[in-house]
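Visitor: According to the numbering used here, the sequence shown is numbered sequentially starting from 241. For every residue, glycine included, the Cβ atom is placed at its ideal position computed from N, Cα and C.
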Amino acid sequence: MTMSVSRSSVDDAEIARFSAMAAEWWDPAGKFRPLHKFNPVRLTYLKSSISRHFGRDGKAPDALLGLNVLDIGCGGGLLAEPLTRLGATVTGVDASEVNIGIARNHAETMGLIIDYRAGTAEALVEAGARYDVVLAMEIVEHVADLDLFVSACAGLVKPGGLLVMATLNRTAKSFALAVVGAEYLLRWLPPGTHDWSKFVKPDELSAAIEAHGLTIRDETGVTYNPLADRWSLSPGDMSVNYMLLAERPGETG
Numbered sequence: 241m242t243m244s245v246s247r248s249s250v251d252d253a254e255i256a257r258f259s260a261m262a263a264e265w266w267d268p269a270g271k272f273r274p275l276h277k278f279n280p281v282r283l284t285y286l287k288s289s290i291s292r293h294f295g296r297d298g299k300a301p302d303a304l305l306g307l308n309v310l311d312i313g314c315g316g317g318l319l320a321e322p323l324t325r326l327g328a329t330v331t332g333v334d335a336s337e338v339n340i341g342i343a344r345n346h347a348e349t350m351g352l353i354i355d356y357r358a359g360t361a362e363a364l365v366e367a368g369a370r371y372d373v374v375l376a377m378e379i380v381e382h383v384a385d386l387d388l389f390v391s392a393c394a395g396l397v398k399p400g401g402l403l404v405m406a407t408l409n410r411t412a413k414s415f416a417l418a419v420v421g422a423e424y425l426l427r428w429l430p431p432g433t434h435d436w437s438k439f440v441k442p443d444e445l446s447a448a449i450e451a452h453g454l455t456i457r458d459e460t461g462v463t464y465n466p467l468a469d470r471w472s473l474s475p476g477d478m479s480v481n482y483m484l485l486a487e488r489p490g491e492t493g
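If you want it as structure tokens, here you go:
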């Protein structure tokens with residue numbers, strides 16, 4: 241008897257790399273400093289976009305109350321925790337058991353209830369899971385099989401729900417800033433954190449998302465101001481960091 245083996249978009253080398261840095265997830269001056277700096281702008285974008293889509297008051301402290309949110313590649317929980325504080329019921333999934341352990345311990349210390357699981361998007365699809373909002377933030381450029389990963393993410397979105405992806409564009413500018421600058425000159429990240437060949441152009445990611453039944457509803461760049469040491473939304477500049485928001489047609493739950 242031959243047993244089928246589920247396909248996975250997980251890149252084992254990438255998981256090992258991030259597992260080795262896991263102890264520093266919650267150190268704002270550590271190896272994940274760029275994500276700590278990046279977090280406010282992506283959280284603001286998510287709160288505003290999700291609230292608008294589901295008819296919520298974006299200024300309310302519990303704007304996401306009652307929504308089921310999946311954070312794929314959740315790492316130590318940098319997004320999962322603030323989304324939980326906004327009222328969402330959050331599931332955080334990461335292929336690294338070390339990351340999940342860090343995330344669980346920190347959430348418990350903060351008194352937050354978050355469903356953290358060591359696993360993959362593909363496994364959740366097989367289990368029949370569906371969510372109002374699916375997030376894949378700063379993970380697309382680390383997967384082994386882009387189309388398989390996008391297919392799994394899309395399959396986890398309920399009718400009327402949203403998929404939000406954030407990643408890096410494959411341009412000369414992104415190589416100069418995100419690889420040479422961030423890893424080798426500024427030393428924000430350990431050398432080798434990113435493989436420029438795995439960066440994805442917005443039109444490539446949009447096409448992959450729409451091929452799996454979703455419709456792109458918004459796109460924006462995110463740019464860094466070195467003088468202010470601050471990230472901000474930049475709809476007209478998607479040359480390095482960018483985010484795409486897509487909807488699965490149907491009635492919201």
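Quick one: Cα of A376 to Cα of C393, how far?
Guide: Approximately 8 Å between the Cα atoms of the pair.
Visitor: Buried or exposed for N465, going by 16 or more other Cβ atoms inside 10 Å?
Guide: It counts as exposed.
Visitor: How would you write the range of the alpha helix (DSSP H) that D443 sits in, first residue to last?
Guide: D443 -> alpha helix (DSSP H) spans P442 to A451.
Visitor: Assuming Y356 and I340 make a contact with CB atoms under 8 Å, what is their CB distance in whole Å?
Guide: Indeed they touch by this definition, with Cβ atoms about 5 Å apart.
Visitor: Going by DSSP, which residues form a beta bridge with T407?
Guide: Note: T407 sits in a beta bridge opposite Y482.
Visitor: Helix, strand or coil for P489 per DSSP?
Guide: In the structure shown, P489 sits in coil (DSSP, three-state: anything other than H, G, I, E or B).
Visitor: Given that a residue counts as buried once 16 or more other Cβ atoms are within 10 Å of its Cβ, and exposed if not, what is I353?
Guide: Looking at its Cβ environment, which holds fewer than 16 other Cβ atoms inside 10 Å, I353 is exposed.
Visitor: Hey, would you say V383 sits closer than 7 Å to S249, going by beta carbons?
Guide: Taking 7 Å as the Cβ cut-off, V383 and S249 qualify as a contacting pair.
Visitor: From the DSSP output, which residues share a beta bridge with A376?
Guide: I312 and M405, per the DSSP bridge assignment.
Visitor: From the DSSP output, in three-state form, read off R470 for me.
Guide: Strand, per DSSP.
Visitor: For I456, collect the residues of the same chain with a Cβ closer than 8 Å to its Cβ; drop the 5 residues on either side in sequence, then sort them by chain order.
Guide: So the qualifying residues of the chain are S446, I449, E450, L484, L485 and A486.
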